[in-house]
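Structure first, then comments.
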Amino acid sequence: MNVAVMGYGTVGVGVVEILRRHGDDIAQKVGQPLQVTKILVRHEYPGSPDTELFVQEFDQILRDESIQLVAEAMGGLHPAYDYIKACLEAGKSVVTANKELVAEKGAELLAIAARQGGNLLFEASVAGGIPILHTLTNCLWANRITRIAGILNGTTNFILTKMFREGMSFDRALGIAQEKGYAESDPTADVEGIDACRKICILAGLAFGCQVLPAQVPTKGISSVGPEDVQYAAGWGGAIKLLGQCSLAEDGRVWISVEPAFVPGSSQLCRIDDVYNGVAVRGDSVGEVVLYGPGAGRFPTASAMVSDLMEAARATGTLPMYRWEDKGDRTADPMTQPTACYLRLEGPGAGDKARELFGQVEELDRAGRPAEEFACITPQLPLGEILLRVEALEKAGIRLLGRMPVSPL
């Protein structure tokens, strides 16, 4: 079966290399060889072993009826969206690692694929080499998924690990991440939660069957996390992680968010450090399942894309493997979500006032804590109720220095 690869950067090269290196094994597993016959490039790559496959016009791929599978490794919304849409409308199956495109346009493109008899697969768009989408849509298919929590961005996990292990400031840890190539020169998409937001939208779509757009997701990054917060989390026996979380409300709507969270030491997510990703899934029959592994990089991402190509080759002519629908805004009011929160407060009598408003709280401690600083874990309450009580604290002269949810997974 003939394959076209669109894009010849880090991931595109990885896809071509894996298909070449493991060609015989892939053919045996799929039942036929997968052969790259065209590679869409924007400029020349002198010395590349694939020069004879290069094309610079998308139509050369679209009009080639012998090409049934397309791997999109270009990134960004445009022109990737237009190219993928055209391929699907032509009955070709497409695999992609493009999380931005899938999060924004997934429902539309999946509908086209289903209508035209193709498939759109995007395992590599979430958590790189971790097979979380296959797990949701195959291994856990018999379950009603009720909650997902994930460490979905390796850059922020590396930064928080440095802050936790070595007492670094956010700025210093970010600088090291940039030196090692884990963070871009403009790290906004990573550190402000934008990247993780796109990924949790994809997970919510597959788990709950409805499109959730990134613009509908309350999103907060890690730039406001201070060393004091890290010390309190460590003293509590847990850690701080940037979590993408989604869960079902009683009315079938979806609570969804991206923000730093206190993760208890009993959680497997607490022990996932450095640039690794991890996803915890709760199903009504299976209970809790946790997947862990590399979330990015040439070969972890390319591995997921090639696996999707193999799956698409085997699934030709069958029902689409992924599906969700645009049902309008299906997000639940975040103010109604039950949660416990970490609070860091400052002011005379902060502890007494917090206990007066919240009742029984779990008091936290750290070395060198100023006399007027108080930190605690609140009881579980609707988020809106917690914020009302925090507002009452502030009216009483108590300053809120930090607030994070406590992860239930």
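Note that this note's numbering numbers the sequence shown so that position 188 is 200, with each residue one more than the last.
Backbone N, C-alpha and C fix where the C-beta goes; we use that ideal spot for every residue, glycine too.
Just so we're clear, the structure is a prediction, and the values are computed from it rather than from any experiment.
1) Going by DSSP in three states, Ala219 sits in which element: helix, strand or coil?
2) Ser315 by DSSP, collapsed to three states: which one?
3) Out of Lys232, Arg177, Ile188, Asp183, state which residue places its alpha-carbon closest to the alpha-carbon of Ala201.
4) For the region 217-263, which segments carrying the alpha helix (DSSP H) assignment without a break, of at least 4 residues, lie completely within its bounds, in sequence order?
5) Quick one: using the 10 Å Cβ neighbour count with 16 as the cut-off for buried, is Asp345 buried or exposed?
6) From the DSSP output, in three-state form, read off Thr390 for me.
7) Ends of the alpha helix (DSSP H) at Arg184?
8) Below 7 Å CB to CB, which residues in the same chain sit around Cys213 once its five sequence neighbours on both sides are set aside?
9) On the DSSP letters alone, give me the boundaries of the alpha helix (DSSP H) that Thr22 sits inside.
10) So Thr348 and Pro417 are in contact, right, with Cβ under 8 Å, and what is the actual spacing, rounded?
11) Could you compute how far the alpha carbon of Ser279 sits from the alpha carbon of Leu421?
12) Taking the alpha-carbon positions, what's the Ile252 to Glu77 distance?
13) Since Arg127 is in the beta strand (DSSP E), which residue starts that stretch and which ends it?
14) Tell me whether the region 150-161 and the region 255-268 touch, counting them as touching only if at least three CB pairs, one residue from each stretch, are closer than 8 Å.
15) Is the distance from the Cβ of Val301 to the Cβ of Lys211 below 8 Å?
16) I want to know whether the region 162-174 touches the region 126-133 - three or more CB-CB distances under 8 Å.
17) Is the CB-CB distance between Asp62 and Ile51 below 8 Å?
18) Rounded to whole angstroms, how far is the Cβ of Tyr95 from the Cβ of Met18, which I believe are closer than 8 Å?
19) Sort Glu29, His146, Gly361, Gly24 by Cα distance to Ala219 and report the nearest one.
20) Enumerate in chain order the residues of its own chain whose CB-to-CB distance from Gly309 is below 7 Å, with the five nearest sequence positions on each side excluded.
21) Would you call Ala404 buried or exposed, if buried means 16 or more other Cβ atoms sit within 10 Å of its Cβ?
22) Using only CA atoms, which one of Gly217, Gln80, Pro272, Gly264 lies nearest to Gly238?
23) So, with DSSP's three-state summary, where would you put Glu384?
24) Straight-line CA distance for Ala324 to Ala195?
25) Taking the C-alpha atoms as reference points, what is the distance between Gly118 and Phe134?
26) I need the boundaries of the alpha helix (DSSP H) containing Val402, first residue and last residue.
27) To test your reading of the DSSP string, which unbroken beta strand (DSSP E) runs of 3 or more residues are found completely within the region 26-101?
28) Could you tell me the alpha carbon to alpha carbon distance between Asn14 and Ile73, rounded to whole angstroms?
29) Under the DSSP definition of a beta bridge, which residues are partnered with Trp267?
30) Hey, how far is the Cα of Gly88 from the Cα of Val67?
31) For Phe274, which three-state DSSP category applies?
32) In angstroms with no decimal places, state the Cα-to-Cα distance between Arg177 and Ala92.
33) Given a threshold of 16 other Cβ atoms within 10 Å of its Cβ, counted over all protein chains shown, does Gln372 qualify as buried or as exposed?
34) Give the C-beta separation of Arg356 and Gly414 to the nearest angstrom, bearing in mind that I take them to be a contact with Cβ-Cβ under 8 Å.
35) Any idea what DSSP makes of Pro360, helix, strand or coil?
36) At what residues does the alpha helix (DSSP H) containing Gly19 begin and finish?
According to the data block:
1) On the sequence shown, position 207 is the one that residue 219 refers to. Correct three-state label for Ala219: helix.
2) Position 303 of the sequence shown, counted from the start, is the residue given in the question as residue 315. Correct three-state label for Ser315: helix.
3) Position 189 of the sequence shown, counting from 1, holds the residue named residue 201. When only C-alpha atoms are compared, the closest one is Lys232.
4) 239-248
5) Against the sequence shown, residue 345 aligns to sequence position 333. Under this definition Asp345 is an exposed residue.
6) Translated into the one-based positions of the sequence shown, residue 390 becomes position 378. Coil at Thr390, not helix or strand.
7) Sequence index remark: in the sequence shown, residue 184 carries index 172 (1-based). In the DSSP assignment, Arg184 falls within the alpha helix (DSSP H) that extends over 182-191.
8) Numbered from 1 along the sequence shown, position 201 holds the residue referred to as residue 213. Within the same chain, Cys213 has close Cβ partners Ala115, Val224, Leu225, Pro226, Val229.
9) On the sequence shown, position 10 is the one that residue 22 refers to. 22-33 is the extent of the alpha helix (DSSP H) around Thr22.
10) By one-based count along the sequence shown, residue 348 stands at place 336. By one-based count along the sequence shown, residue 417 stands at place 405. Contact doesn't hold; Cβ gap of about 14 Å is too wide.
11) Here residue 279 is taken as the residue at index 267 of the sequence shown, counted from 1. Here residue 421 is taken as the residue at index 409 of the sequence shown, counted from 1. The straight-line gap from Cα to Cα measures roughly 6 Å.
12) The residue given as residue 252 occupies position 240 in the sequence shown. The residue given as residue 77 occupies position 65 in the sequence shown. Taking C-alpha positions only, Ile252 is separated from Glu77 by approximately 51 Å.
13) As a working note, residue 127 is residue 115 in the sequence shown. Element bounds for Arg127: not the beta strand (DSSP E) but the alpha helix (DSSP H), 111-128.
14) yes
15) Within the sequence shown, the letter at position 289 stands for residue 301. Within the sequence shown, the letter at position 199 stands for residue 211. Against a cut-off of 8 Å, the Cβ pair of Lys211 and Val301 comes out as no contact.
16) no
17) For the purposes of this step, residue 62 is taken as the residue at position 50 of the sequence shown. For the purposes of this step, residue 51 is taken as the residue at position 39 of the sequence shown. Yes, the Cβ-Cβ distance between Asp62 and Ile51 is below 8 Å.
18) For the purposes of this step, residue 95 is taken as residue 83 along the sequence shown, with counting starting at 1. For the purposes of this step, residue 18 is taken as residue 6 along the sequence shown, with counting starting at 1. Confirmed, about 6 Å.
19) Here the question's residue 219 lines up with position 207 in the sequence shown. Ranking the options by Cα distance to Ala219, first place goes to His146.
20) The residue you call residue 309 lines up with position 297 of the sequence shown. Only Gly140 meet the Cβ criterion.
21) Within the sequence shown, residue 404 is the residue found at index 392, counting from 1. Result: exposed.
22) By 1-based counting over the sequence shown, the position of residue 238 is 226. Closest in C-alpha terms to Gly238, from the list Gly217, Gln80, Pro272, Gly264, comes Pro272.
23) For the purposes of this step, residue 384 is taken as the residue at position 372 of the sequence shown. Coil at Glu384, not helix or strand.
24) Taking the sequence shown and counting its residues from 1, the one referred to as residue 324 is at position 312. Taking the sequence shown and counting its residues from 1, the one referred to as residue 195 is at position 183. In a straight line, the C-alpha of Ala324 is about 32 Å away from that of Ala195.
25) By one-based count along the sequence shown, residue 118 stands at place 106. By one-based count along the sequence shown, residue 134 stands at place 122. About 10 Å.
26) Position 390 of the sequence shown holds residue 402. That run of the alpha helix (DSSP H) goes 395-407.
27) 47-52, 79-84
28) The residue given as residue 14 occupies position 2 in the sequence shown. The residue given as residue 73 occupies position 61 in the sequence shown. Asn14 and Ile73 have their C-alpha atoms roughly 11 Å apart.
29) Residue numbering aside, residue 267 sits at position 255 when the sequence shown is read from its first letter. According to DSSP, Trp267 bridges with Ser259.
30) Numbered from its first residue, the sequence shown carries residue 88 at position 76. Numbered from its first residue, the sequence shown carries residue 67 at position 55. When rounded, the distance between both Cα atoms is 20 Å.
31) Here residue 274 corresponds to residue number 262 of the sequence shown, with the count starting at 1. Phe274 falls in the strand class under three-state DSSP.
32) The sequence position of residue 177 within the sequence shown is 165, counting from 1. The sequence position of residue 92 within the sequence shown is 80, counting from 1. C-alpha separation (whole angstroms): 40 Å.
33) In the sequence shown, the residue the question calls residue 372 occupies position 360. Exposed: under 16 other Cβ atoms inside 10 Å.
34) For the purposes of this step, residue 356 is taken as the residue at position 344 of the sequence shown. For the purposes of this step, residue 414 is taken as the residue at position 402 of the sequence shown. About 4 Å separates the two Cβ atoms, so the contact holds.
35) The residue given as residue 360 occupies position 348 in the sequence shown. Assigned with DSSP and collapsed to three states, Pro360 falls in coil, not helix or strand.
36) Within the sequence shown, residue 19 is the residue found at index 7, counting from 1. Membership of Gly19 in any alpha helix (DSSP H) is not indicated, and neither H nor E is assigned to it by DSSP.
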